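Beneath this line is the structure, given in C-alpha cells, with notes to follow.
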Amino acid sequence: MPSEGYLARLIALDRLRWLFLPQKDLAQCHIPSFIRRAISAPADPGSDAAASAGLGIADLSLTAAERLTHNIEAPPNVDLNAVRFLGRSVMIAGAAISAYDAVNGKTLDERNLARQDLLFTASAVVAPPTAAFVAIPYSIGRVFRDIRESVESAKANDLLDEAAKLNSTCP
Amino acid sequence: MYAQLYDATLAWYARMKVTPSYLHAYVATGLALMACLNIGSFVILCAHWGSRWARWALDAGGTWWLGFAVVILAAHLLYSRRRQVLLDRASSASPPKRSPWIAGSYMVLSVIAFMYVSTLAPIR
Chain A
-11 MPSEGYLARL IALDRLRWLF LPQKDLAQCH IPSFIRRAIS APADPGSDAA ASAGLGIADL
49 SLTAAERLTH NIEAPPNVDL NAVRFLGRSV MIAGAAISAY DAVNGKTLDE RNLARQDLLF
109 TASAVVAPPT AAFVAIPYSI GRVFRDIRES VESAKANDLL DEAAKLNSTC P
Chain B
581 MYAQLYDATL AWYARMKVTP SYLHAYVATG LALMACLNIG SFVILCAHWG SRWARWALDA
641 GGTWWLGFAV VILAAHLLYS RRRQVLLDRA SSASPPKRSP WIAGSYMVLS VIAFMYVSTL
701 APIR
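Protein sequences appear in the order of chains A and B.
For the first sequence, my numbering assigns the number -11 to the initial residue and increments by one for each residue that follows.
For the second sequence, my numbering assigns the number 581 to the initial residue and increments by one for each residue that follows.
Rendered as C-alpha cells:
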C-alpha cells in the first residue's frame, strides 16, 4: 500500500498532467482509479496519524519527566516520585499497545512499525536510564513522522477536493 | 521460582537507582509487561501450530486483551504487595541476594522472543 506522501505526489502529478491535456475529451475528465480508491477509503489515515502524534507527545513528555526529574531536589510536600511513576506507567501502557498492534495491525507495515515502537519502549522499561539516549530521541522522531504524515494526508485531501471540483466542471 | 525472579528484578531496578519507595511498583509493572508478552508469544505460537483456542484468542478483539492485561497487572500488584511484606519481615535477618542479570536477561529475551514470534501471527 503506498504511503500518504507518495499518494499526494501521485495526485499532484496526475493533476498537472490533467491540466495540460486538452479538456475536450471526456475520457480525460474521469477521475483516475487510484483517486477513486482513495475517496472510498473507509478510514482517514491523517486523523489516525494526528491522534498518534498527540499520544506520542503525551508519552514523550511523561517519559522525559520520568528521566529529567531524577536529579532534582523537590520540596518536602512535592512527591516527584509520583510523576516518575506516572511516566513509568505510560511507558508500560505504550509498550502493551505496541505489542497489541504488532499482532493485530492490519498491514505488514503497521505491524513492523509497532514492533519497532515496542523495541524502543521496552528498552526504557527494562533499563530506565537508557531512556534519555534511546527511547526519548526515538519518540521525538516518531512524533515528527506522525505530524508530517498527518500534514501530507491533509494536503492529499485538499488535492482530492480540487480534483473533484475540476472533474465536475468538465463538459 | 517466581519469587527468585521477583528478587532478581528487585536487584536489577535497585541497580538502576530507582527510588526505594517505588521499587516494588517498578518490579510489578515490569514483570506484568513481560508476562503479557510471554503469554502473547505462547498464544501466537499455538495459533501458528493450528490450535483452535489460540486462533479464537487472537480473533477475540481489543476488549478481551485489555481485560487480560488488567488481570495480569492486578495479579502482579497483589503478589508484589505480599512479597513486600515478606521481604520487610525478613530484611532484619538476611535479605535475599539475587543476581540482577537474571532479571535483565529474562526481560531482554522476553522482548526479543515476542518480536520474533509476533511475525508468525496471521494477518486478518
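Don't be surprised by glycine CBs; every beta carbon is placed ideally from N, CA and C.
Here the structure is a predicted model, which means the values were calculated and not measured.
Cβ of residue i within 8 Å of any chain B Cβ
i	result
A:S77	yes
A:Y126	no
A:I80	yes
A:A164	Chain A is shown from -11 up to 159; residue 164 of chain A falls before or after that span and cannot be answered.
A:A119	no
A:P116	yes
A:F73	yes
A:A90	yes
A:R133	no
A:G44	no
Any C-beta of chain A under 8 Å from that of residue i
i	result
B:C626	no
B:R662	no
B:A649	yes
B:A693	no
B:L603	no
B:W633	no
B:A670	no
B:L617	yes
B:Y659	no
B:L590	no
B:M581	no
B:W645	yes
B:I682	no
Buried versus exposed call for residue i [16 or more other C-beta atoms within 10 Å across all chains shown]
i	result
A:D13	Legend: pLDDT at A:D13 = 45, less than 50; position of this residue unreliable, no value from coordinates given.
A:D67	exposed
B:W592	buried
A:P116	buried
A:N92	buried
A:D97	exposed
B:S685	exposed
B:V650	exposed
B:W645	buried
A:S113	Reading off the sequence shown, one finds Val at residue 113 of chain A, where the question assumed Ser. Counting Cβ neighbours within 10 Å, A:V113 comes out buried, since at least 16 surround it.
B:Y569	Residue coverage of chain B in this structure runs from 581 to 704, which leaves residue 569 of chain B outside it and unanswerable.
B:G630	exposed
A:E140	buried
A:L148	buried
B:G647	exposed
Boundaries of the alpha helix (DSSP H) in which residue i is found, first to last residue
i	result
B:Y602	From DSSP, B:Y602 is part of no alpha helix (DSSP H); its letter is neither H nor E.
A:G172	A question about residue 172 of chain A goes unanswered here, because the residues of chain A that appear run from -11 up to 159.
A:S156	123 to 157
A:E98	96 to 114
B:L658	642 to 670
B:P702	That residue, B:P702, is in no alpha helix (DSSP H); it is neither H nor E in DSSP.
B:T589	582 to 595
B:R635	632 to 639
Rounded distance between the beta-carbons of residue j and residue i, thought under 8 Å
i	j	result
B:G642	A:Y88	7 Å
A:T51	A:R72	Not confirmed; about 10 Å, so no contact.
A:M79	A:T118	A:M79 to A:T118, Cβ: 12 Å. No contact.
B:S621	B:A693	5 Å
message: I want to know whether the stretch 67 to 80 of chain A touches the stretch 129 to 137 of chain A - three or more CB-CB distances under 8 Å.
response: Contact fails: fewer than three Cβ-Cβ distances are below 8 Å.
query: Below 8 Å, can you find three or more Cβ-Cβ pairs linking the stretch 76 to 84 of chain A to the stretch 97 to 115 of chain A?
result: These segments touch.
message: Would you call the stretch 598 to 615 of chain B in contact with the stretch 654 to 667 of chain B, where contact means no fewer than 3 C-beta pairs closer than 8 Å?
response: With the rule of 3 Cβ pairs closer than 8 Å, the stretch 598 to 615 of chain B counts as touching the stretch 654 to 667 of chain B.
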